[in-house]
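Engineer: Mind having a look at this structure? Questions to follow.
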Amino acid sequence: MPGTNTAASIPTVALIGTCDTKLDELVYVHDRIIQEYGVQVKLLDVGRIPASHPSIAISQPEIFASSGLLPPADLMSLPRGELISTLIRHTIPVVASLYQTHAIHAAMALGGSGGSSLAAEVMRGALPLGFPKLLVSTMAGGDVRAYVGESDLVMMHSVVDIAGLNDVLCPILDNAAGAIAGMARAQHSRQLSGSLHAGLSPASPGTKRIAITMFGVTTPAVTHARAILSNYPCTTYVFHATGAGGRALEQLAASNFFAGILDLTTTELADALLGGVLSAGEKRLTAAAKARIPQIVSVGALDMANFGPRDTVPERYSERRLFEHNPSMTLLRTNAQECAILGGQIAERLKDADPKRTEIWVPRAGVSSLSVRGGPFDDQEADEALFKGLRDGLKGAALKVVEDERDINDEGFVEAIVARLVQLMGMEPLQKNEITETTDGTTNGDTVK
1 MPGTNTAASI PTVALIGTCD TKLDELVYVH DRIIQEYGVQ VKLLDVGRIP ASHPSIAISQ
61 PEIFASSGLL PPADLMSLPR GELISTLIRH TIPVVASLYQ THAIHAAMAL GGSGGSSLAA
121 EVMRGALPLG FPKLLVSTMA GGDVRAYVGE SDLVMMHSVV DIAGLNDVLC PILDNAAGAI
181 AGMARAQHSR QLSGSLHAGL SPASPGTKRI AITMFGVTTP AVTHARAILS NYPCTTYVFH
241 ATGAGGRALE QLAASNFFAG ILDLTTTELA DALLGGVLSA GEKRLTAAAK ARIPQIVSVG
301 ALDMANFGPR DTVPERYSER RLFEHNPSMT LLRTNAQECA ILGGQIAERL KDADPKRTEI
361 WVPRAGVSSL SVRGGPFDDQ EADEALFKGL RDGLKGAALK VVEDERDIND EGFVEAIVAR
421 LVQLMGMEPL QKNEITETTD GTTNGDTVK
């Protein structure tokens, strides 16, 4: 493939863009990165019409020729959506090869809606977690979930359209050039020192990876769980149940990244059901069972669906019980009918899981800090509907459901579920001389050798 014959001896950035429409802006960034920061650039042309410029390192025809895929018969006649999909398919293997041969140390792109979609898909598809990725986009001021997904892609808002250099856009591009140059230098330094962390490396010898799901209203439970697990040879990975967090968890679980999962907070199911803003999609709560990963599942924060500011809550919910969590987030209390459906969904997704590796634990005194007795979301009828939906859905299944009379943040409940998880995992606690002390004075087994 072009530009992939040897590892780069100096930090190098892959700059991706449609040179037929944004050549001036791409060349501006290209030159800034080289002249101001001494970092090399490989400019990839992913435009419909091939461009010619000395700064282009990998032309559009070279991308099609080196992707390993059949080139399109007539690129010019393709509808815009099909064009973007075609360019994505051909560009991913080219960028992946640049990464695999250490020819690049960071990736950056500029784009409007179409260019951002193209570049984001390429960076997500070709580059692993931990590898620097930056997208300067006109779309960064809105909902960026479609671009970022479950990746670590960084987006920067261009404020004005990327259509002409001016005194608003240029300082933003200057900042982006400085940022990606710094990221490339850091990645290059890690490569030279042998301490690269990009991608999913094997767990440290003697340690296991445990995923935990958390929301603000289940934070006390997760904090206590992590404290307990610090006495075991494991590393904990906490996922904020914001939709993207759940999708990332499912993706990593499907690749067997984790040895155990404490899926305490399954609230994203409620957003998927009620049209909330934090849905993780229909595949939530499926990967761990398929991968046969030991897991404890609970019903954390299924008393709520999430919306934006109060005035964005759909009109159909205007008479329902609402709670303003903060100025940007309004919570809707799930009712008995909805809770029954949610209980059934959990049962349906887990009923075929290995009963020796999966258990469901139910905190009957409150599924979040808001639904404890006397709390703003206290609704025992709705809670009971949730629990009954779960029980009914698992009739005839071998899966164990443990109903506990404490609430989800009760330390005793947390201690019980953590104890059961480590038992399912066959994990023994560290000896005293193996527990290291962190800078904040807490003990942690994450660095055991």
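Residue numbering for the sequence shown follows this note's numbering, beginning at 1 and increasing consecutively.
Note that CB positions come from ideal geometry on N, CA and C, so glycine has one too.
Just so you know, these numbers come straight off a predicted model, no measurement behind them.
1) Between L83, G300, A140, which lies nearest to G47 when the distance is taken from Cα to Cα?
2) When DSSP labels each residue in this structure, what does R333 get in the three-state scheme?
3) For the 8 Å Cβ check, are there 3 or more pairs between the stretch 105–120 and the stretch 13–28?
4) Have a look at A126, L70, L424, V422 and flag the residue whose alpha-carbon is nearest the alpha-carbon of A96.
5) Using three-state DSSP, classify P355 as helix, strand or coil.
6) Taking the C-alpha atoms as reference points, what is the distance between K432 and P294?
7) Kindly indicate which residue of A211, N256, P220, S255 has the alpha-carbon position closest to the one of T235.
8) According to DSSP, is M156 part of a helix, a strand, or is it coil?
9) In terms of residue numbering, what span does the beta strand (DSSP E) encompassing L43 cover?
10) Compute the Euclidean distance between the alpha carbons of G178 and Y37, then round it to the nearest angstrom.
11) Under a three-way DSSP split, which group does S298 fall into?
12) Taking the Cβ atom as the reference point for each residue, do A221 and I408 lie within a distance shorter than 8 Å?
13) Measuring straight from C-alpha to C-alpha, what distance separates A272 and G281?
14) Measure the alpha-carbon distance for D161 versus D303 and round it to whole angstroms.
15) Using 8 Å as the Cβ pair cut-off and three pairs as the minimum, do the stretch 385–395 and the stretch 332–348 touch?
16) Do you know how far the Cα of F413 is from the Cα of A184?
17) Is it a yes or a no for the stretch 147–160 touching the stretch 169–177, going by three-plus beta-carbon pairs under 8 Å?
18) Looking at A227 and L278, is the spacing between their C-beta atoms short of 8 Å?
19) Going straight from the alpha carbon of D20 to that of D74, what length do you get?
20) Between V299 and the ligand MN, is there a pair consisting of the residue's CB and a ligand heavy atom that are separated by less than 7 Å?
21) Quick check: the stretch 242–250 against the stretch 204–219, are at least 3 beta-carbon pairs closer than 8 Å?
22) Suppose the cutoff is 6 Å on Cβ atoms and the five residues either side in sequence are ignored; what does the same chain contact list for A305 look like?
23) So what does M404 bridge to, in DSSP terms?
24) Consult DSSP for V422 and reduce its assignment to one of helix, strand or coil.
Structural biologist: So, to answer that:
1) Within the sequence shown, numbered from 1, the residue matching residue 47 stands at position 47. Residue L83 is the option with its Cα nearest to G47.
2) Position 333 of the sequence shown, counted from the start, is the residue given in the question as residue 333. R333: strand per DSSP, three-state reduction.
3) yes
4) Within the sequence shown, numbered from 1, the residue matching residue 96 stands at position 96. Nearest of A126, L70, L424, V422 to A96, Cα basis: A126.
5) For this step, residue 355 is matched to residue 355 along the sequence shown. Reduced to three states, the DSSP call for P355 is coil.
6) As a first step, residue 432 is located in the sequence shown; it is residue number 432 there, counting from the start. As a first step, residue 294 is located in the sequence shown; it is residue number 294 there, counting from the start. Between K432 and P294, the C-alpha separation is close to 26 Å.
7) Taking the sequence shown and counting its residues from 1, one reaches residue 235 at position 235. Looking at the Cα atoms, A211 is the closest of the given residues.
8) To locate residue 156, count along the sequence shown from 1; it is residue 156. Reduced to three states, the DSSP call for M156 is strand.
9) Locating residue 43 in the sequence shown gives position 43, where the first residue counts as 1. Per DSSP, L43 belongs to the beta strand (DSSP E) from 40–45.
10) Residue 178 sits at position 178 when you count from the first residue of the sequence shown. Residue 37 sits at position 37 when you count from the first residue of the sequence shown. Approximately 7 Å between the Cα atoms of the pair.
11) Here residue 298 refers to the residue found at position 298 of the sequence shown. Here S298 sits in strand by DSSP.
12) Working through the sequence shown from its first residue, we reach residue 221 at position 221. Working through the sequence shown from its first residue, we reach residue 408 at position 408. A contact, by the Cβ cut-off of 8 Å.
13) For the purposes of this step, residue 272 is taken as residue 272 along the sequence shown, with counting starting at 1. For the purposes of this step, residue 281 is taken as residue 281 along the sequence shown, with counting starting at 1. About 6 Å.
14) Residue numbering aside, residue 161 sits at position 161 when the sequence shown is read from its first letter. Residue numbering aside, residue 303 sits at position 303 when the sequence shown is read from its first letter. Each residue's Cα considered, the two are about 42 Å apart.
15) yes
16) As a working note, residue 184 is residue 184 in the sequence shown. As a working note, residue 413 is residue 413 in the sequence shown. Their backbone Cα atoms lie some 46 Å apart in a straight line.
17) yes
18) Numbered from 1 along the sequence shown, position 278 holds the residue referred to as residue 278. Numbered from 1 along the sequence shown, position 227 holds the residue referred to as residue 227. No; because the gap between Cβ atoms is not below 8 Å, this pair is not in contact.
19) Mapped onto the sequence shown, residue 20 falls at position 20. Mapped onto the sequence shown, residue 74 falls at position 74. In a straight line, the C-alpha of D20 is about 17 Å away from that of D74.
20) Inclusion of the ligand MN in the displayed structure is not the case, the ligand content being empty and no account of it being possible.
21) yes
22) What you label residue 305 is simply residue 305 of the sequence shown in a count that begins at 1. Within the same chain, A305 has close Cβ partners A270, D271, L274, G276, L332.
23) Start at 1 with the first residue of the sequence shown, and residue 404 comes out as number 404. In the sequence on display, residue 404 carries Asp and not Met. Partner(s): P363.
24) As a first step, residue 422 must be located in the sequence shown, where it is residue number 422. V422 falls in the helix class under three-state DSSP.
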